[in-house]
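Line order of the protein sequences matches chains V and C. Under our numbering, the letters of the first sequence match residues 1 to 338, in that order. Under our numbering, the letters of the second sequence match residues 1001 to 1495, in that order. Notes follow once the structure below has been shown.
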Amino acid sequence: MSVVQEKVPVARRAQPAGGRRFAFTPTVTVYLALAALLVVGSVLVAVDGGVLLDQGGILNILTRSTVLGLVAVGQTMVIVTGSLDLSVAYLIGLCSLVAAETMAGQGSMVFPGVALALAVAAAVGLVNGLVITVLKANAFIATLGVALILRGWLEHNYTGPAGSVPRSFQHLGYDRIGPVPVAALLMLLIAAGAWWYMRRTRPGYHMYAVGGDIEVARLSGVRTSRTIVTAHVLCALMAGLAGVFLASRLGSGAPYVGTDAGYDLESIAAVVLGGAALAGGRGGVVGTLGGVLILATLDTIFDDLAVDPFFKDVVRGVVLIVAVALYARRKLTSGRAS
Amino acid sequence: MSDIPVRLEGITKSFLGVQVLRGVDLELRAGEVHALMGENGAGKSTLLKVLAGVHKPDTGRVLLDGEEVSFSAPRDAQAAGIAIIHQELNLLPHRTVAENVFLGREPVKRGQVDRRAMEAETRRLLEWLGEDGIAADAEVVRLSVAQRQVVEIVKALSTDAKVLAMDEPTAALADHEVELLYDLVKRLRERGMAILYVSHRMREVFDLSQRITVLKDGAFVTCVETAEITSDQLVRHMVGRSLDALYPDRSSAAGEVRLALKNAGNGRVRDVSLEVRAGEIVGLAGLQGSGRSAIARAVWGVQPFTSGVLELDGKPVRIGNPRTAVRKGIGYVTEDRKGEGLALSQSVRDNALLVRRAALRGSAARKHTDLAELLKSVNVVSRGQHQEVRYLSGGNQQKVVLGKWLAVRPRVLVVDEPTRGIDVGAKQAVYRLLRDLAADGMAILMISSELPELIGMSDRIVVMHEGAVAGELPAGASEEAVMGLATGHGIGEVA
Ligand SMILES: Nc1ncnc2c1ncn2[C@@H]1O[C@H](COP(=O)(O)OP(=O)(O)OP(=O)(O)O)[C@@H](O)[C@H]1O
Ligand SMILES: [Mg+2]
Chain V
1 MSVVQEKVPV
11 ARRAQPAGGR
21 RFAFTPTVTV
31 YLALAALLVV
41 GSVLVAVDGG
51 VLLDQGGILN
61 ILTRSTVLGL
71 VAVGQTMVIV
81 TGSLDLSVAY
91 LIGLCSLVAA
101 ETMAGQGSMV
111 FPGVALALAV
121 AAAVGLVNGL
131 VITVLKANAF
141 IATLGVALIL
151 RGWLEHNYTG
161 PAGSVPRSFQ
171 HLGYDRIGPV
181 PVAALLMLLI
191 AAGAWWYMRR
201 TRPGYHMYAV
211 GGDIEVARLS
221 GVRTSRTIVT
231 AHVLCALMAG
241 LAGVFLASRL
251 GSGAPYVGTD
261 AGYDLESIAA
271 VVLGGAALAG
281 GRGGVVGTLG
291 GVLILATLDT
301 IFDDLAVDPF
311 FKDVVRGVVL
321 IVAVALYARR
331 KLTSGRAS
Chain C
1001 MSDIPVRLEG
1011 ITKSFLGVQV
1021 LRGVDLELRA
1031 GEVHALMGEN
1041 GAGKSTLLKV
1051 LAGVHKPDTG
1061 RVLLDGEEVS
1071 FSAPRDAQAA
1081 GIAIIHQELN
1091 LLPHRTVAEN
1101 VFLGREPVKR
1111 GQVDRRAMEA
1121 ETRRLLEWLG
1131 EDGIAADAEV
1141 VRLSVAQRQV
1151 VEIVKALSTD
1161 AKVLAMDEPT
1171 AALADHEVEL
1181 LYDLVKRLRE
1191 RGMAILYVSH
1201 RMREVFDLSQ
1211 RITVLKDGAF
1221 VTCVETAEIT
1231 SDQLVRHMVG
1241 RSLDALYPDR
1251 SSAAGEVRLA
1261 LKNAGNGRVR
1271 DVSLEVRAGE
1281 IVGLAGLQGS
1291 GRSAIARAVW
1301 GVQPFTSGVL
1311 ELDGKPVRIG
1321 NPRTAVRKGI
1331 GYVTEDRKGE
1341 GLALSQSVRD
1351 NALLVRRAAL
1361 RGSAARKHTD
1371 LAELLKSVNV
1381 VSRGQHQEVR
1391 YLSGGNQQKV
1401 VLGKWLAVRP
1411 RVLVVDEPTR
1421 GIDVGAKQAV
1431 YRLLRDLAAD
1441 GMAILMISSE
1451 LPELIGMSDR
1461 IVVMHEGAVA
1471 GELPAGASEE
1481 AVMGLATGHG
1491 IGEVA
């Protein structure tokens, strides 16, 4: 049939070839929302007689973002891989204790303290990953189980803060350059590393693949279990870093620093706010940081306005739901070509 | 290198105690296209999956170049030079074409994935295939089913495999794309590749293959030289009996107009006018992307018409979503059974009753006594109504999709590639069924990329071109006439 050679210009026109035009991707949306929030927040705080973005305000937002940012960046990795980590909050507490107790006030023990805390974190991440891949437990249940085990251990062994960090190590928590805390810069550096890892390296590509469709990934030759385990270890390491940082700020380790601030659900909220799909395969560090900044800004605004904590939670809940609804809408309309 | 890159000996495989492969032998020679045929559920895909390292055989040996191998994961098979195009599309919708093509094998430069090399190579392969309309950096979700199939082929090619196994690669392709694939398969064969080719389309098998292996119920039946067998003999091997005329007679007299579109349009099609009468099967022809499926999807309310009028039984109606469509008696057999047609982790029964439960009320919605009969009318071969649909063979899944619509007896049925992946025997049954439904007064709009089927079944053929109706042809029109309109030329004149 000679028809075959016929070029088909229609098909070409009917299916957009997918170039990268500007679009309201979740990442763009979240930063636009952040900008809007800063404007609205500034006005509200000004009406109340304060200034939102003065030195103290910026400091406040960035400090809040540091810990949550670390945890949420880790959480982004597991969520993109199609998993989830509910054990981060207890892990933060545990790592703060391991670090502070190992240091025991001695400057010479700073490095071993940090190293040990991170080793513990990595081990917990490894357990999470192995329970999910080898025992084939659902990630939600697996990490919830690990969280309960950690809680049991913490409750049995600690009643309150323990250990102490040397003065030299407290610099990590309090030093800053202008209004910018050094720790926030370190967090951004780590986030940049995570971004590079996820978007530029092979294991990062495989995270998206496994989260997108684990069967497709497997059939394509991706080592799916390894990818999942790696994501969990990296996520746990981030939580470990958060624990270490909190120890530096508090001067000691505290079993419930992670859970009191609700870093487990909070980090998941930030990731989702940043546009990641909970089902996996979509999302990224940049969006997540936007989500983190929105949550931190909201908190700062509420503090400045001294609103009631109940109202605060209601607003955060509404913001989250609206965001997810917006993204879902986008997915429907950009659905499929015929 | 030996001339026998692949030899399978006495492969058996059972799932949960049910034997699916019973001692299958297969031998692939370098530079041959070897067709693998058999009815739905005969075990063809399972055999391919054994070769792909997805399933481990219970007994039997896999030999590559004379040496026994044992794959524990797909990547082992890949590393051994075996590329597989699976029956169901295996792509990540939210990753780009290039990312999909190189998934698991991304080129790395200085610790980073070399995007540029990846995209360049993808582009080169796409051009080589003559498919430069697909952008290497486009997200797969934006591509049509046929374009996705092309991406799968590119993915297989990019591995530099010695052995290529394709599981019904043309099921989703339009005729002109099938020709491209033919061409490609021939070129690969000439390069000495060994190609295993699963298809239900006789024409393809006879055009392409040098040898044919037939499976029936998981057992090896025969392996013959293609030149030495007729299609009747082949059907007898597969089905166990001969088949009479494939297409049933067009007997039904057309009744009143059931579905009418008047200057209907939306973002994808414009100014479409057509009518489907009770008792009639109207074929909708056109190239991929010409708007055939867009019309179907608009009638079904997924991407509704935004202009013009849609009339049911002479009354204008607005159909804004599938639920309304179902309520108004419109059924739609989708071309994307994995994505839209089936709830894969649910049982055959739940899938077959899905529409009925959703659309009807009261006892009618709960009725299931006729289910066995219903499934039989579409020839579903399963291990019972409670088997999860995902474990059915591809062809049988397609039959379940058909069945779920028949369960509500729509007055207008739109079928998009209804026989995709169905074996000859079952095809004949589906044709009969569609004709019987029409005779019962149903109005059927049928889309198919297989021209012989479209021509054999339709009472009239409406041909689409670039999102608009290019013309209408009577029953029994020639393939040339259809293609002439579909490509934007006059009837019968083809460049
Ligand atoms: N993972 C599985 N678990 C249980 N049963 C399975 C599984 N995979 C396949 N089967 C069964 O094995 C049989 C053979 O299926 P297979 O997919 O190999 O058929 P096929 O020849 O490719 O058919 P088709 O032409 O319809 O694609 C079917 O009865 C199917 O239900
Ligand atoms: Mg099959």
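All C-beta atoms, glycine included, are put in the ideal place defined by N, C-alpha and C.
Apply the 10 Å Cβ neighbour rule to residue i and answer buried if 16 or more other Cβ atoms are within range, or exposed otherwise.
| i | result |
| --- | --- |
| Phe-310 (chain V) | exposed |
| Gly-335 (chain V) | With a pLDDT of only 40 at Gly-335 (chain V), under the threshold of 50, the placement of this residue in the model should not be trusted; the figure read from the coordinates follows. Under this definition Gly-335 (chain V) is an exposed residue. |
| Trp-1405 (chain C) | buried |
| Glu-1256 (chain C) | exposed |
| Gly-264 (chain V) | Reading off the sequence shown, one finds Asp at residue 264 (chain V), where the question assumed Gly. Buried, since its Cβ has 16 or more Cβ neighbours within 10 Å. |
| Pro-1005 (chain C) | buried |
| Lys-1399 (chain C) | buried |
| Tyr-205 (chain V) | buried |
| Tyr-327 (chain V) | buried |
| Arg-1297 (chain C) | buried |
| Ala-1343 (chain C) | exposed |
| His-232 (chain V) | buried |
| Phe-302 (chain V) | buried |
| Gly-1320 (chain C) | exposed |
| Ala-1227 (chain C) | exposed |
List, in chain order, every chain V residue whose beta-carbon is nearer than 8 Å to that of residue i.
| i | result |
| --- | --- |
| Gly-1104 (chain C) | His-206, Ala-209, Ala-217, Ser-220, Gly-221 and Val-222 |
| His-1086 (chain C) | Leu-219 |
| Arg-1075 (chain C) | Gly-221, Val-222 and Arg-223 |
Would you mind telling me which residues of chain V sit closer than 7 Å to residue i, beta carbon to beta carbon, in chain order?
| i | result |
| --- | --- |
| Arg-1270 (chain C) | Result: empty, since nearest Cβ-Cβ is about 12 Å, beyond 7 Å. |
| Gln-1398 (chain C) | Neighbours of Gln-1398 (chain C) on chain V: none; closest Cβ ~19 Å, over 7 Å. |
| Arg-1148 (chain C) | Correct list: empty, because the minimum Cβ distance to chain V is about 10 Å. |
| Asn-1351 (chain C) | Chain V residues near Asn-1351 (chain C): none, gap ~19 Å exceeds 7 Å. |
Do you know whose CA, among the options, lies nearest residue i's CA?
| i | options | result |
| --- | --- | --- |
| Leu-234 (chain V) | V:Val-134, V:Gly-57 and V:Val-120 | V:Val-120 |
| Val-1018 (chain C) | C:Ala-1042, C:Pro-1474 and C:Pro-1410 | C:Ala-1042 |
| Glu-1225 (chain C) | C:Arg-1095, C:Gln-1233, C:Gln-1210 and C:Val-1150 | C:Gln-1210 |
| Glu-1099 (chain C) | C:Gly-1329, C:Leu-1089, C:Gln-1087 and C:Asp-1114 | C:Asp-1114 |
| Gly-1488 (chain C) | C:Asp-1436, C:Glu-1466 and C:Pro-1474 | C:Glu-1466 |
| Val-216 (chain V) | C:Pro-1074, C:Lys-1044, C:Ala-1359 and C:Val-1062 | C:Pro-1074 |
| Gln-1147 (chain C) | C:Pro-1107, C:Thr-1096 and C:Val-1380 | C:Thr-1096 |
| Ala-239 (chain V) | V:Ala-104, V:Val-124, V:Val-39 and V:Val-51 | V:Val-124 |
| Arg-1189 (chain C) | C:Lys-1162, C:Gly-1066 and C:Asp-1175 | C:Lys-1162 |
| Arg-1356 (chain C) | C:Pro-1304, C:Pro-1316 and C:Arg-1409 | C:Arg-1409 |
| Arg-1123 (chain C) | C:Lys-1109, C:Phe-1102 and C:Glu-1228 | C:Phe-1102 |
| Ser-1345 (chain C) | C:Gln-1387, C:Val-1024 and C:Ser-1273 | C:Gln-1387 |
| Val-134 (chain V) | V:Pro-26, V:Thr-227, V:Leu-38 and V:Thr-102 | V:Thr-227 |
| Leu-340 (chain V) | V:Val-98, V:Val-182, V:Gly-173 and V:Thr-297 | This structure leaves residue 340 (chain V) out entirely; chain V is present only between 1 and 338. |
| Ser-1449 (chain C) | C:Ala-1364, C:Ala-1194, C:Thr-1170 and C:Thr-1369 | C:Thr-1170 |
Look up residue i in the DSSP assignment and say whether it is helix, strand or coil.
| i | result |
| --- | --- |
| Ala-1486 (chain C) | helix |
| Val-1028 (chain C) | For clarity, residue 1028 (chain C) is Leu in the given sequence; the question names Val instead. Residue state, collapsed to three classes: strand. |
| Pro-1074 (chain C) | helix |
| Ala-122 (chain V) | helix |
| Ala-236 (chain V) | helix |
| Asp-1207 (chain C) | helix |
| Ser-338 (chain V) | Residue confidence is low: Ser-338 (chain V) scores 33 on pLDDT, short of 50, so the model does not pin down where it sits. Its coordinate-derived value is still stated next. DSSP places Ser-338 (chain V) in coil when its eight states are reduced to three. |
| Val-1494 (chain C) | Low confidence applies to Val-1494 (chain C): its pLDDT is 47, below 50, so where it sits in the model is not reliable, and the reading given next is rough at best. DSSP places Val-1494 (chain C) in coil when its eight states are reduced to three. |
| Leu-185 (chain V) | helix |
| Asn-1266 (chain C) | coil |
| Gly-1456 (chain C) | helix |
| Leu-1092 (chain C) | coil |
| Phe-302 (chain V) | helix |
| His-1034 (chain C) | strand |
| Ser-1307 (chain C) | strand |
| Ser-87 (chain V) | coil |
Mind listing the chain C neighbours of residue i? Cutoff is C-beta to C-beta under 9 Å, in chain order.
| i | result |
| --- | --- |
| Arg-167 (chain V) | Going along chain C, no residue has its Cβ under 9 Å from Arg-167 (chain V), so there is no contact; the nearest lies around 38 Å. |
Can you name the residues of chain C whose CB is closer than 7 Å to the CB of residue i?
| i | result |
| --- | --- |
| Thr-201 (chain V) | Gly-1111, Gln-1112 and Val-1113 |
Going along chain V in order, which residues have a C-beta closer than 9 Å to the C-beta of residue i?
| i | result |
| --- | --- |
| Pro-1322 (chain C) | Simply none; closest approach about 13 Å. |
Run through chain C and tell me which residues come within less than 8 Å of residue i, C-beta to C-beta.
| i | result |
| --- | --- |
| Asp-175 (chain V) | Going along chain C, no residue has its Cβ under 8 Å from Asp-175 (chain V), so there is no contact; the nearest lies around 31 Å. |
Just the residues with CB closer than 6 Å to a heavy atom of ligand 2, in chain order, which are they? C:Lys-1044, C:Ser-1045, C:Gln-1087, C:Asp-1167, C:Ser-1393 and C:Gly-1394
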